[in-house]
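Since the structure comes first, as structure tokens, the remarks are kept for the end.
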Amino acid sequence: MGEGTGQAPATAHGPDAKAAPGPGRDAPFGPGRDARLSAAVERARHGDEGAFAEAYRLVHPGLLGYLRGIVGDDAEDVASDAWLEIARDLGRFRGDGAGFRGWTATIARHRALDHLRRVRARPRHTRFDQDLSELPAAGDAAGEALDALSTERALALIAGLPQDQAEAVLLRVVVGLDGPSAARVLGKRPGAVRSAAHRGLRRLAEQLKGRGR
4 MGEGTGQAPA
14 TAHGPDAKAA
24 PGPGRDAPFG
34 PGRDARLSAA
44 VERARHGDEG
54 AFAEAYRLVH
64 PGLLGYLRGI
74 VGDDAEDVAS
84 DAWLEIARDL
94 GRFRGDGAGF
104 RGWTATIARH
114 RALDHLRRVR
124 ARPRHTRFDQ
134 DLSELPAAGD
144 AAGEALDALS
154 TERALALIAG
164 LPQDQAEAVL
174 LRVVVGLDGP
184 SAARVLGKRP
194 GAVRSAAHRG
204 LRRLAEQLKG
214 RGR
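Going by my numbering, the first residue of the sequence shown is number 4, and it counts up by one from there.
The structure is reproduced here in structure tokens:
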């Protein structure tokens, strides 16, 4: 990417990084945004620094929310490391906007796990044993309940889930990945990730019901 690639990751500590998207309808994904992201990524791959900045703005809020669910207050530092790697390796990326979100989530997750190992915080291992097909739709009861919460409170609730459920919910609802993409990020089968997300959303719905939101 050249010298300009460091500019977008540096903003991980700026105003744009202060608020991750709400985990529901306002998250930065959908057909229109994915089309914009696809075009921006393609231009960025050929050295367009403005396009890289646009791709960063579209992807970073969800990525930061995902990292907050894994490493908490260290999310911005981990995100900065991830974006440096993304910028460095962008020329090798091949895919569309949805693929780019999955690719960046994979890089961010690796950096997060590296960070946890460095601080000797052992990540909880995932255990999946069900083979179902797809992640639950964002419009189910738990997803709608999460829409009604502030981002900070929603992420706090998600972070309190078991690790496998938290990551599945974050990838599905915050980052906006589909079942196969989330499974590739986690190195698991789509059905197993769907099961973890379903259990997590069901648990969140029960918590929200018990607290009266």
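From the three backbone atoms N, C-alpha and C, an ideal C-beta is built for every residue, glycine too.
Quiz item: Of all the options VAL74, ALA208 and ARG205, which has the alpha carbon lying nearest to the alpha carbon of ASP117?
Solution: Against the sequence shown, residue 117 aligns to sequence position 114. Closest by alpha carbon: VAL74.
Self-check item: Stretch-stretch touch, CB-based, cutoff 8 Å, three pairs: the segment 98-106 with the segment 35-44
Solution: Yes, since at least three Cβ pairs between the segment 98-106 and the segment 35-44 fall closer than 8 Å, the two stretches touch.
Practice problem: Measure the CB-CB distance between VAL62 and ARG104 and report whether it falls below 9 Å. | Solution: Stepping through the sequence shown from its first residue, residue 62 is reached at position 59. Stepping through the sequence shown from its first residue, residue 104 is reached at position 101. Going by C-beta atoms, VAL62 is nearer than 9 Å to ARG104.
Quiz item: For ALA208 versus GLN168, is the C-beta spacing smaller than 9 Å?
Solution: To locate residue 208, count along the sequence shown from 1; it is residue 205. To locate residue 168, count along the sequence shown from 1; it is residue 165. Contact flag unset, no.
Quiz item: Below 9 Å between beta carbons: does that hold for GLY190 and GLY182?
Solution: As a working note, residue 190 is residue 187 in the sequence shown. As a working note, residue 182 is residue 179 in the sequence shown. No, they are not a contact pair.
Quiz item: Skipping 5 residues on each side, what residues in its chain have a beta carbon closer than 7 Å to that of ASP84?
Solution: Walking along the sequence shown from the start, residue 84 turns up at place 81. Here the set comprises ARG114.
Exercise. Figure out for me which residue from LEU93, LEU87 and LEU70 has the closest Cα to the Cα of GLU155.
Key: Residue 155 sits at position 152 when you count from the first residue of the sequence shown. Nearest of LEU93, LEU87 and LEU70 to GLU155, Cα basis: LEU70.
Quiz item: Looking at the structure shown, is ARG97 part of a helix, part of a strand, or coil, going by DSSP?
Solution: Residue numbering aside, residue 97 sits at position 94 when the sequence shown is read from its first letter. In this structure, ARG97 counts as coil in the three-state DSSP scheme.
Quiz item: What did DSSP end up calling HIS113 once you bin it into helix, strand or coil?
Solution: Residue numbering aside, residue 113 sits at position 110 when the sequence shown is read from its first letter. The three-state secondary structure of HIS113, taken from DSSP, is helix.
Quiz item: So, helix, strand or coil for HIS49, using DSSP?
Solution: For this step, residue 49 is matched to residue 46 along the sequence shown. Collapsing the DSSP output to three states places HIS49 in coil.
Quiz item: So what does DSSP say about LEU158, is it helix, strand or coil?
Solution: Along the sequence shown, read from residue 1 onward, the residue named residue 158 stands at position 155. Looking at LEU158 - three-state DSSP - the assignment turns out to be helix.
Practice problem: Output yes or no for whether 9 Å exceeds the beta carbon distance between LEU66 and VAL188. | Solution: Start at 1 with the first residue of the sequence shown, and residue 66 comes out as number 63. Start at 1 with the first residue of the sequence shown, and residue 188 comes out as number 185. Cβ atoms of LEU66 and VAL188: not closer than 9 Å.
Quiz item: LEU158 to GLY72, Cα distance in whole Å?
Solution: Within the sequence shown, residue 158 is the residue found at index 155, counting from 1. Within the sequence shown, residue 72 is the residue found at index 69, counting from 1. C-alpha of LEU158 to C-alpha of GLY72: approximately 6 Å in a straight line.
Self-check item: Alpha-carbon to alpha-carbon, ARG95 and ASP29
Solution: One-based indexing of the sequence shown puts residue 29 at position 26. One-based indexing of the sequence shown puts residue 95 at position 92. Any reading at ASP29 is ruled out, since the residue's pLDDT is 39, under 50, leaving its predicted position unreliable.
Quiz prompt | Cα-Cα separation between LEU160 and GLU52, rounded to whole angstroms | solution = Your numbering for residue 160 matches position 157 in the sequence shown. Your numbering for residue 52 matches position 49 in the sequence shown. When rounded, the separation of the alpha-carbon atoms in LEU160 and GLU52 is 37 Å.
Quiz item: Can ALA108 and LEU174 be called in contact, C-beta distance under 9 Å?
Solution: Translated into positions along the sequence shown, residue 108 becomes position 105. Translated into positions along the sequence shown, residue 174 becomes position 171. Closer than 9 Å, so yes.
Quiz item: Under the three-state reduction of DSSP, which class applies to GLY203: helix, strand or coil?
Solution: If you number the sequence shown from 1, residue 203 lands on position 200. Looking at GLY203 - three-state DSSP - the assignment turns out to be helix.
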